[in-house]
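Asks:
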Amino acid sequence: MVDKRFHLAWFMNFTPDEWREPFGQGGNPWDGQFYIEMAQAMERACFDLIMIEDKLMVPETFGGSRDLSLKHAMMVPKADPAPLAVAMGMATKHLGVVATLSTMAYPPFMLARLCSTIDSLTKGRFGWNVVTSAEDLMAKNFGMDKLPPREDRYAMAEEYLEVCDKLFNSWEPDAVVLDRANGIYADGSKVHTIDHDGTYYKVRGPLNTVPSPQRRPVYLQAGASPRGRDFAARYADAIVSVANGVEGMKAFRADIRARAVALGRDPDEIKVFFCITPSLGETEEEARARFDRVTLSDNFVNDVLISISAITEIDFAQFDLDQPLPEKLVTNGESGTLDKFQQWGSGKTLRQLAAAGGGGLVSSLELIGTPSQVAQKMGEAMEEVGGDGFLITTPVLRVSRRYITEICDGLVPELQRRGLTRTEYKHQLLRDNLREF
1 MVDKRFHLAW
11 FMNFTPDEWR
21 EPFGQGGNPW
31 DGQFYIEMAQ
41 AMERACFDLI
51 MIEDKLMVPE
61 TFGGSRDLSL
71 KHAMMVPKAD
81 PAPLAVAMGM
91 ATKHLGVVAT
101 LSTMAYPPFM
111 LARLCSTIDS
121 LTKGRFGWNV
131 VTSAEDLMAK
141 NFGMDKLPPR
151 EDRYAMAEEY
161 LEVCDKLFNS
171 WEPDAVVLDR
181 ANGIYADGSK
191 VHTIDHDGTY
201 YKVRGPLNTV
211 PSPQRRPVYL
221 QAGASPRGRD
231 FAARYADAIV
241 SVANGVEGMK
251 AFRADIRARA
261 VALGRDPDEI
271 KVFFCITPSL
281 GETEEEARAR
291 FDRVTLSDNF
301 VNDVLISISA
311 ITEIDFAQFD
321 LDQPLPEKLV
331 TNGESGTLDK
341 FQQWGSGKTL
351 RQLAAAGGGG
361 LVSSLELIGT
371 PSQVAQKMGE
381 AMEEVGGDGF
391 LITTPVLRVS
401 RRYITEICDG
411 LVPELQRRGL
421 TRTEYKHQLL
431 RDNLREF
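full-length UniProt numbering puts the first residue of the sequence shown at 1, with every later residue one more than the last.
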């Protein structure tokens, strides 16, 4: 019998939870408890993993000021994802926890040590979302005037991953002997320097942590450009994408798998997660009304424009809301997100583009309806695409307990009844759960 199951993950960040809406939580989640309980809900629903996004700056592109970002709590304040990943992992037993960590912010040794430590603390359930950062404001927090060009960042990231892999393997699997009788904790002949001296990094090693349960974390990556896709196909265990409908999803997955084969990898070892933002209701009309109410509000338009300005470093406040964009825009930041947002040639006004961002900017499919209707659409789409999973999120990454409950207690049971998602965990390690199907 063909296994038609697909994987489920959730994309969020350590920022204020939903604080303005009627079912908001007040916007004060800094002790982590709200997000810990969110992770526990994900685990009850048998999600593969929860992924924590991150940025390393206070946005001030929109309107030339940080005031609007702070007023709307858009992309700021934002707390460090690594401690939250530990807290989530310690409060769960099976759920994978993934933190976004930038290759431009950490020396390779420090990041490898951090990942190894968290993987041990979570008993083999940690993942690293590999990013190179995309904002010059971030660069100015780390001794640079601006970020290197995108192509250079990818070249640096490739060497960075090479260094980290060497560090993760600097201890042989049986280096820790724990021989009490002879007083030997670790066998020094099985711990090695890496002596890396490359174009961008010089690292002696070895790592000073014991090998973690997975030896290295699960690598996640989101690359839309040809260079980004090659990078992801070479290194990633899982890839995050926002595609344009089922055909776009199918084409992206086929392209990644072909690149993996060309690089000598088994394509089944790479799982592609497509971002979606389901809007649920007891009826389709109710779900549609809720979706329209959110995406057509002035607050939502501002939130989307603040967000897209921050990650592209283009000030969208300079454009008329009720006119199309005057020209096709380019960026050294997140170019794939920009291209998807601006829909060049569509004739849509900026206000319409921002409203469309409610589903299109972070969603590969329009999924609006009852849990049964949305589950059916997800199953049909994944059958056409061929795998591998969905990454659930919200348009501007804010989340409420109400939405978590709708997904975990409404949508997921429908998916499980149809045999589309897991009903139990079979493995301890995150990598093994990803490769189960």
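Positions of the beta carbon are idealized from the N, C-alpha and C atoms, including for glycine.
By how many angstroms is the C-alpha of ASN141 removed from the C-alpha of GLU247?
Replies: Residue 247 sits at position 247 when you count from the first residue of the sequence shown. Residue 141 sits at position 141 when you count from the first residue of the sequence shown. Cα-Cα distance, rounded: 40 Å.
Asks: CA-CA distance, MET189 and PRO211?
Replies: Translated into the one-based positions of the sequence shown, residue 189 becomes position 189. Translated into the one-based positions of the sequence shown, residue 211 becomes position 211. The displayed chain sequence assigns Ser, not Met, to residue 189. Answer to the nearest angstrom: the Cα atoms are 15 Å apart.
Asks: Just to confirm the assignment: which complete beta strand (DSSP E) runs, minimum length 3, are found wholly within the segment 99-131?
Replies: Complete beta strand (DSSP E) runs here, min 3: 126-131.
Asks: Check for me: the beta strand (DSSP E) holding GLN221 runs from which residue to which?
Replies: Along the sequence shown, read from residue 1 onward, the residue named residue 221 stands at position 221. Here the beta strand (DSSP E) through GLN221 covers 218-221.
Asks: Going by DSSP, which residues form a beta bridge with PHE23?
Replies: Counted from its first residue, the sequence shown places residue 23 at position 23. Paired residues: none, contrary to the question.
Asks: Using three-state DSSP, classify SER189 as helix, strand or coil.
Replies: Position 189 of the sequence shown holds residue 189. SER189 falls in the helix class under three-state DSSP.
Asks: What is the rounded straight-line gap between the Cα of GLU269 and the Cα of LEU325?
Replies: By one-based count along the sequence shown, residue 269 stands at place 269. By one-based count along the sequence shown, residue 325 stands at place 325. Each residue's alpha carbon lies about 41 Å from the other.
Asks: Cα separation between GLU53 and GLY183?
Replies: Stepping through the sequence shown from its first residue, residue 53 is reached at position 53. Stepping through the sequence shown from its first residue, residue 183 is reached at position 183. The alpha-carbon atoms of GLU53 and GLY183 are separated by roughly 44 Å.
Asks: Hey, out of ALA79, PRO59, CYS115, PRO81, whose CA is closest to LYS71's CA?
Replies: Counting from 1 along the sequence shown, the entry for residue 71 is found at position 71. The candidate whose alpha carbon is nearest that of LYS71 is PRO59.
Asks: Below 8 Å on the Cβ atoms is my contact criterion, and I expect MET51 with ALA87 to pass it. Report the Cβ-Cβ distance as a whole number of Å.
Replies: Counted from its first residue, the sequence shown places residue 51 at position 51. Counted from its first residue, the sequence shown places residue 87 at position 87. Their Cβ separation, rounded to whole angstroms, is 15 Å, which puts MET51 and ALA87 out of contact at 8 Å.
Asks: Can you tell me which residues form a DSSP beta bridge with ILE50?
Replies: Position 50 of the sequence shown holds residue 50. Answer by DSSP bridge pairing, in chain order: TRP10, VAL97.
Asks: Run through the segment 147-174 for me and flag every whole beta strand (DSSP E) of 3 or more residues, listed as ranges in chain order.
Replies: You should have found no qualifying run.
Asks: For ALA157 and LEU147, which I take to be in contact (beta-carbon distance under 8 Å), what is that distance rounded to the nearest angstrom?
Replies: For the purposes of this step, residue 157 is taken as residue 157 along the sequence shown, with counting starting at 1. For the purposes of this step, residue 147 is taken as residue 147 along the sequence shown, with counting starting at 1. At roughly 12 Å, the Cβ-Cβ gap does not stay under 8 Å, so ALA157 and LEU147 are not in contact.
Asks: To the nearest angstrom, report how far apart GLY386 and VAL242 are at their CA atoms.
Replies: Taking the first residue of the sequence shown as 1, we reach residue 386 at position 386. Taking the first residue of the sequence shown as 1, we reach residue 242 at position 242. So the alpha carbons of these two residues sit roughly 16 Å apart.
Asks: Roughly how many whole angstroms lie between the Cα atoms of ASN299 and GLY410?
Replies: If you number the sequence shown from 1, residue 299 lands on position 299. If you number the sequence shown from 1, residue 410 lands on position 410. Cα to Cα, the separation comes out at about 27 Å.
Asks: Label ARG216 either buried or exposed according to how many other C-beta atoms from any shown protein chain fall within 10 Å of its C-beta, with 16 as the threshold for buried.
Replies: As a working note, residue 216 is residue 216 in the sequence shown. Buried, since its Cβ has 16 or more Cβ neighbours within 10 Å.
Asks: Are LYS271 and ASP119 touching if we call contact CB-CB under 8 Å?
Replies: As a position in the sequence shown, residue 271 is number 271, starting the count at 1. As a position in the sequence shown, residue 119 is number 119, starting the count at 1. No, they are not a contact pair.
Asks: Compare the C-beta of ASP409 with all C-beta atoms of chain C and state if any pair is closer than 8 Å.
Replies: Included in the structure is just one protein chain, with no chain C present.
Asks: Please return the same chain residues whose Cβ sits closer than 8 Å to the Cβ of LEU305, not counting the five positions on each side in sequence.
Replies: Along the sequence shown, read from residue 1 onward, the residue named residue 305 stands at position 305. Contacts found: PHE62, PHE316, ALA317, LEU350, ALA354.
Asks: Would you check if the distance between the CB atom of SER297 and the CB atom of MET74 is smaller than 8 Å?
Replies: As a first step, residue 297 is located in the sequence shown; it is residue number 297 there, counting from the start. As a first step, residue 74 is located in the sequence shown; it is residue number 74 there, counting from the start. No, the pair does not count as a contact, with Cβ atoms beyond the cut-off.
Asks: With a cut-off of 8 Å on the beta carbons, I'd call TRP128 and LEU101 a contact; round off their distance for me.
Replies: Within the sequence shown, the letter at position 128 stands for residue 128. Within the sequence shown, the letter at position 101 stands for residue 101. Indeed, because the Cβ distance is near 6 Å, the residues count as touching under 8 Å.
Asks: Taking the alpha-carbon positions, what's the THR209 to TYR425 distance?
Replies: Within the sequence shown, residue 209 is the residue found at index 209, counting from 1. Within the sequence shown, residue 425 is the residue found at index 425, counting from 1. Computed Cα separation, rounded: 28 Å.
Asks: Looking only at C-alpha atoms, which of ARG229, ALA45, ASP31, ILE194 sits nearest to ILE392?
Replies: On the sequence shown, residue 392 is found 392 positions in, with the first residue counted as 1. It is ALA45 whose Cα lies nearest to the Cα of ILE392.
Asks: Going along the chain, which residues of its own chain have a beta-carbon closer than 7 Å to the beta-carbon of VAL261, five neighbours each way excluded?
Replies: Along the sequence shown, read from residue 1 onward, the residue named residue 261 stands at position 261. Contacts found: PRO267.
Asks: In terms of residues, what are the limits of the beta strand (DSSP E) holding SER241?
Replies: Counting from one through the sequence shown, the residue named residue 241 turns up at place 241. 238-241 is the span of the beta strand (DSSP E), which, as asked, contains SER241.
Asks: Measure the alpha-carbon distance for PRO173 versus ALA186 and round it to whole angstroms.
Replies: Along the sequence shown, read from residue 1 onward, the residue named residue 173 stands at position 173. Along the sequence shown, read from residue 1 onward, the residue named residue 186 stands at position 186. C-alpha separation (whole angstroms): 11 Å.
Asks: What number of angstroms, rounded off, separates the C-alpha of ARG390 from the C-alpha of GLY228?
Replies: Position 390 of the sequence shown holds residue 390. Position 228 of the sequence shown holds residue 228. Per the sequence shown, residue 390 should be read as Phe rather than Arg. When rounded, the distance between both Cα atoms is 20 Å.
Asks: Closest to CYS408 by CA distance: which of PRO226, GLU162, MET42 is it?
Replies: Taking the first residue of the sequence shown as position 1, residue 408 is located at position 408. Closest option to CYS408, Cα to Cα, is MET42.
Asks: Output needed for GLN323: all residues of its chain with C-beta closer than 8 Å, excluding positions within five of it in sequence on either side, in chain order.
Replies: Residue 323 sits at position 323 when you count from the first residue of the sequence shown. These residues qualify, in order along the chain: THR349, LEU350.
Asks: Run through the DSSP bridge pairs and tell me what LEU280 is partnered with.
Replies: Numbered from its first residue, the sequence shown carries residue 280 at position 280. Answer is GLY369.
Asks: Alpha carbons only, please: which of THR421, PRO413, ASP303, ARG431 is nearest the one belonging to ARG20?
Replies: In the sequence shown, the residue the question calls residue 20 occupies position 20. Closest by alpha carbon: ASP303.
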